[in-house]
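> One structure, as structure tokens, below. Some questions next.
2 protein chains.
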Amino acid sequence: MLATAFSGANGVDDLDVARFEEMIALLVWRQRRRFAQTLSALGLTMPQFLTLMVIQAHGGSLPIGSLAEATEQCSATMTGIVDRLASTGLVRRQRDPNDRRSVRVTLTAEGEALLERARAERVERTRQLLAHFTPEERADIMRYLERYLNVLAEESEEPTSAAI
Amino acid sequence: MLATAFSGANGVDDLDVARFEEMIALLVWRQRRRFAQTLSALGLTMPQFLTLMVIQAHGGSLPIGSLAEATEQCSATMTGIVDRLASTGLVRRQRDPNDRRSVRVTLTAEGEALLERARAERVERTRQLLAHFTPEERADIMRYLERYLNVLAEESEEPTSAAI
DNA sequence: CCGGTATACTTAGCGTTGCAAAATAAATCG
DNA sequence: CGATTTATTTTGCAACGCTAAGTATACCGG
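Protein chains in written order, with the numbering used here: chain A, 245 to 408; chain B, 245 to 408.
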């Protein structure tokens with residue numbers, strides 16, 4: 245623990261990395277489960293929710309190819325996810341008249357409503373978690389999260405992945 | 245962003261929560277993908293890796309039921325994961341002589357070796373991520389991560405889940 | 001000791017992800 | 001126009017993850 249202070253210059257201590265690795269693994273695991281819980285009540289899976297969020301973040305509509313790219317999944321997988329989202333009416337498929345190969349996926353009003361409900365529910369549940377930290381700490385956490393995400397993103401060499 | 249400073253007392257600002265939610269979702273998503281990448285080179289999936297880690301953390305051997313509990317999965321799922329781990333010789337199944345209903349899962353030397361290799365590979369890859377932060381910042385991050393994990397764990401009311 | 005209940009796993013069955021490879025269909029290039 | 005690229009979908013396969021049902025063992029009251 246205190247070893248951190250002595251990892252000279254900016255070299256990263258092995259033990260620290262290992263501990264970090266373990267904690268991140270745990271975080272991913274537990275947080276994912278938490279997500280799944282709140283979402284399943286709304287009949288959504290996590291990939292579906294993420295997909296809806298990405299669509300919304302891109303103005304409510306974008307070609308399925310870009311969608312696959314933004315979520316870092318192969319197009320075949322995205323086809324399946326959009327299939328299921330469309331079958332429950334959360335999303336609509338329409339071919340682009342200019343390039344009839346392209347399929348544009350659009351968030352329906354229903355989809356938007358569900359997305360909002362999901363977000364509200366999750367926010368409510370997360371508020372309690374964050375209450376364990378002071379406002380200053382929360383600001384700190386936000387900053388670190390943001391920086392870490394950027395590092396992650398740039399490592400995977402995404403050219404201009406418009407964040408989520 | 246600056247709103248944080250004004251969320252009086254310790255009430256949590258809605259916008260902050262929403263932003264935090266989004267970032268955590270993104271983190272889980274990207275980090276999981278990163279995990280999958282390094283692990284698939286070793287023929288491991290993330291649930292398999294986690295399972296191996298948990299076994300090791302418990303001294304190299306534990307009943308399959310406790311394993312399911314520790315990873316927060318139903319026993320049927322764990323049966324499948326252990327099946328696959330056993331079929332590649334990373335783990336061994338043996339009935340407890342004292343309670344012949346119970347199945348004890350034991351990490352083999354092979355499993356331990358692979359686990360070590362996986363960890364080494366991941367550590368190497370993560371070292372670069374962490375190099376983007378100063379030692380002080382890394383220490384900060386570790387502390388926040390730890391606290392957050394504790395909050396997460398206690399929220400899901402795990403009685404004495406011996407972390408990972 | 002016996003029947004009934006609880007416990008520890010495994011099986012069966014189903015739906016969602018996720019990938020690779022092949023198939024389609026439309027655009028584009030020479 | 002034929003050949004090649006591009007955008008999606010289809011197909012086929014494996015791993016999760018869950019519920020419900022089955023199996024074997026332990027335990028408990030009488």
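No residue lacks a Cβ here, since even glycine has one placed at the ideal position from N, Cα and C.
Are the C-beta of residue 326 of chain B and some C-beta of chain A separated by less than 8 Å?
In the second sequence, residue 326 of chain B corresponds to position 82, counting from 1. By this cut-off, residue 326 of chain B is not an interface position.
> At the level of alpha carbons, what is the spacing between residue 360 of chain B and residue 349 of chain B?
Counting from one through the second sequence, the residue named residue 360 of chain B turns up at place 116. Counting from one through the second sequence, the residue named residue 349 of chain B turns up at place 105. In a straight line, the C-alpha of residue 360 of chain B is about 18 Å away from that of residue 349 of chain B.
> By DSSP, does residue 332 of chain A sit in helix, in strand, or in coil?
Residue numbering aside, residue 332 of chain A sits at position 88 when the first sequence is read from its first letter. Residue state, collapsed to three classes: coil.
> Any beta carbon from chain A within less than 8 Å of residue 389 of chain B's own beta carbon?
Along the second sequence, one-based indexing puts residue 389 of chain B at 145. Interface residue (Cβ-Cβ distance to chain A less than 8 Å): residue 389 of chain B is classified as such.
> Nearest CA to the CA of residue 307 of chain A: which residue from A/267, A/340, A/272?
As a working note, residue 307 of chain A is residue 63 in the first sequence. The option with the nearest alpha carbon to residue 307 of chain A is A/340.
> So, does the stretch 351-367 of chain A touch the stretch 299-316 of chain A, judging by three or more C-beta pairs under 8 Å?
Contact holds: three or more Cβ-Cβ distances are below 8 Å.
> So residue 295 of chain A and residue 329 of chain A are supposed to be a Cβ contact under 8 Å. How far apart are they, rounded?
The residue labelled residue 295 of chain A in the question sits at position 51 within the first sequence. The residue labelled residue 329 of chain A in the question sits at position 85 within the first sequence. Right, the Cβ-Cβ distance comes to about 7 Å (below 8 Å), so this counts as a contact.
> Between which two residues does the beta strand (DSSP E) containing residue 305 of chain B stretch?
As a first step, residue 305 of chain B is located in the second sequence; it is residue number 61 there, counting from the start. Taken as a continuous stretch (DSSP letters only), the beta strand (DSSP E) holding residue 305 of chain B covers 305-307.
> Can you name the residues of chain A whose CB is closer than 9 Å to the CB of residue 393 of chain B?
Sequence index remark: in the second sequence, residue 393 of chain B carries index 149 (1-based). Those within 9 Å of residue 393 of chain B in chain A are 267, 270, 271, 274.
> Below 8 Å, can you find three or more Cβ-Cβ pairs linking the stretch 309-318 of chain A to the stretch 276-290 of chain A?
no
> Could you tell me whether the Cβ atoms of residue 260 of chain A and residue 382 of chain B are closer together than 8 Å?
Here residue 260 of chain A corresponds to residue number 16 of the first sequence, with the count starting at 1. Here residue 382 of chain B corresponds to residue number 138 of the second sequence, with the count starting at 1. Against a cut-off of 8 Å, the Cβ pair of residue 382 of chain B and residue 260 of chain A comes out as a contact.
> Check for me: the beta strand (DSSP E) holding residue 350 of chain B runs from which residue to which?
Against the second sequence, residue 350 of chain B aligns to sequence position 106. That run of the beta strand (DSSP E) goes 347-351.
> Go ahead and pull the three-state DSSP assignment for residue 274 of chain A.
Position 30 of the first sequence, counted from the start, is the residue given in the question as residue 274 of chain A. Helix at residue 274 of chain A.
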